[in-house]
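Colleague: Numbering (this note's numbering), first residue to last: -18 to 443.
Positions of the beta carbon are idealized from the N, C-alpha and C atoms, including for glycine.
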Amino acid sequence: MQLGRHHDPIVAIATAPGRGAVGIVRVSGRGLQPLIGALIGGPLVPRQARYGAFRDIDGQAIDQGLALYFPAPHSYTGEDVLELQAHGGPVVLQLLVGRCLEAAATGALPGLRLAEPGEFTQRAFLNDKLDLAQAEAVADLIDASTEAAARSASRSLSGAFSDEIDGLAERIVRLRMLVEATLDFPEEEIDFLEKADARGQLAAIVAELGRVLARTRQGALLREGLRVVLAGQPNVGKSSLLNALAGAELAIVTPIAGTTRDRVSETIQIHGVPVHVTDTAGLRADATDEVERIGVERSWEAIDTADAIVFLHDLTRLHEPGYQAADRQIAERLRQADPARLLHVFNKADAASGAEPDRAGLMLSARTGAGLEALREALLQRAGWQATAEGLFIARTRHVLALREALAHLDAAAEQAAQADAALDLFAEELRLAHGALQAITGAFSADDLLGEIFSRFCIGK
-18 MQLGRHHDPI
-8 VAIATAPGRG
2 AVGIVRVSGR
12 GLQPLIGALI
22 GGPLVPRQAR
32 YGAFRDIDGQ
42 AIDQGLALYF
52 PAPHSYTGED
62 VLELQAHGGP
72 VVLQLLVGRC
82 LEAAATGALP
92 GLRLAEPGEF
102 TQRAFLNDKL
112 DLAQAEAVAD
122 LIDASTEAAA
132 RSASRSLSGA
142 FSDEIDGLAE
152 RIVRLRMLVE
162 ATLDFPEEEI
172 DFLEKADARG
182 QLAAIVAELG
192 RVLARTRQGA
202 LLREGLRVVL
212 AGQPNVGKSS
222 LLNALAGAEL
232 AIVTPIAGTT
242 RDRVSETIQI
252 HGVPVHVTDT
262 AGLRADATDE
272 VERIGVERSW
282 EAIDTADAIV
292 FLHDLTRLHE
302 PGYQAADRQI
312 AERLRQADPA
322 RLLHVFNKAD
332 AASGAEPDRA
342 GLMLSARTGA
352 GLEALREALL
362 QRAGWQATAE
372 GLFIARTRHV
382 LALREALAHL
392 DAAAEQAAQA
402 DAALDLFAEE
412 LRLAHGALQA
422 ITGAFSADDL
432 LGEIFSRFCI
442 GK
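Set out below in structure tokens:
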């Protein structure tokens, strides 16, 4: 997305593709009155719906519908905005977009062009109607896959997350002001840390930032979900477990080893958190079939990128030497992964007669459903999810990384303050860097390429 084109008037269909009862065409720019006259045949009263015909260049009606005009700056984008609400057929809406471009080309609105993805919301950000975290929440609200994610995105859109960040930034700025003012009076530097309680102020800021970071991790999990891979030897019940978790027959289940040749994925909800579960081909080194070998390779690729790995064991085969040897081989390779991601699960508890696993793990039966709830809770624990009564706000990985960066700079500032001969210039510099990291979240300080990347992921018309 080219930020330099944000002064051009733009038009787009604002409703989802396909047929519907109502569809909306949205125009944003400056000086829309001539275009309104060409389409409607007369002026519109601001923020008052008018029913009538939308006409083509020959004066013939394209459709009947509602027209709404929002003059700047009291609109979504901060510019003049026109919304045409017509019947939701794709042909009708394309005709209206074409009519807008046609009228613009004849002088009603010079320079009107089709909007790029996210450009309406980008203008809301550029015109200070939304900060960057709120703008991202618009897309997150549209994309929300669970009720909890939708409610959290709504909180972020209302400014809950931004208020937390702005509050932290303000406290850092106040401390910076004290430090930098003291730098102008070198004779005061020695007593500054004690008189201003700079260490105490900094410790309070660090503690609050830690709390915000914890909640932000929760919000990122709500948005992005948890990636879980079911791994293990052939015929340990991975496909049966996927079907049991999803509550549907998604994967083919047979007694034949190697039935699952490729990854099968499904998204489920656990306490409102999206969990993306992937069933993989059975892991074995002696696969003779080329297709199965490729499936095994893809299984390891999925394992490498998973947030949690369910290593599934077959309780009915624990006594078999060959099975035990293959399990040890898989376990050796899985040890290279982060142990925090690994969860041992012993399946077929309903068929095993007193079998005792040789390591800690969960016992369950994918066939009867026994133990599934314990597995769901364990997966959320692996992800760091903590049920809380406080309202969560939606967040993204970039927010988590920015908060971690800010916390690292504040920790460095604390190290400077702890030294007997504390260097206040270095103390102030770490505070400045922490403040900059927080500003990147709300967009007070953001590179153009970051903005382009964020808004390009929006749908067209929003």
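1) Going by beta carbon distance, what residues of the same chain come within less than 6 Å of residue 376, once the five residues before and after it are set aside?
2) Taking all protein chains shown into account, decide if residue 99 is buried (16 or more other Cβ within 10 angstroms of its Cβ) or exposed.
3) Could you compute how far the alpha carbon of residue 277 sits from the alpha carbon of residue 307?
4) Quick one: residues in its chain with C-beta nearer than 6 Å to the C-beta of residue 395, no 5 flanking neighbours on either side, listed in chain order?
5) Under a Cβ-count criterion, where at least 16 other Cβ atoms within 10 Å of its own Cβ denotes burial, should residue 24 be classed as buried or exposed?
6) From the DSSP output, in three-state form, read off residue 79 for me.
7) Pick helix, strand or coil for residue -7, following the three-state DSSP scheme.
8) So for residue 217, helix, strand or coil by DSSP?
9) Taking 7 Å as the limit between beta carbons, can you name the residues of its chain near residue 145, skipping five residues before and five after?
10) Would the stretch 375 to 389 and the stretch 128 to 138 be scored as touching if the rule is three or more Cβ pairs under 8 Å?
11) For residue 251, report the span of its beta strand (DSSP E) as first-last.
12) Can you tell me whether residue 26 is helix, strand or coil according to DSSP?
13) Label residue 294 either buried or exposed according to how many other C-beta atoms from any shown protein chain fall within 10 Å of its C-beta, with 16 as the threshold for buried.
14) Using the DSSP secondary-structure output, state which residues sit across from residue 259 in a beta bridge.
15) Restricting to Cα atoms, I'd like to know which of 27, 40, 157 is closest to residue 20.
16) CB-CB under 8 Å to residue 315, same chain, minus the five flanking residues each way: which ones, in chain order?
17) Skipping 5 residues on each side, what residues in its chain have a beta carbon closer than 6 Å to that of residue 141?
18) Which value, in whole angstroms, describes the spacing of the CA atoms of residue 448 and residue 310?
Modeller: The structure says:
1) 197, 200, 201
2) buried
3) 14 Å
4) 183
5) exposed
6) helix
7) strand
8) coil
9) 193
10) yes
11) 245 to 251
12) coil
13) buried
14) 210, 246
15) 40
16) 212, 284, 290, 292, 323
17) 374
18) Shown here, the chain extends from -18 to 443; a query on residue 448 therefore has no answer.
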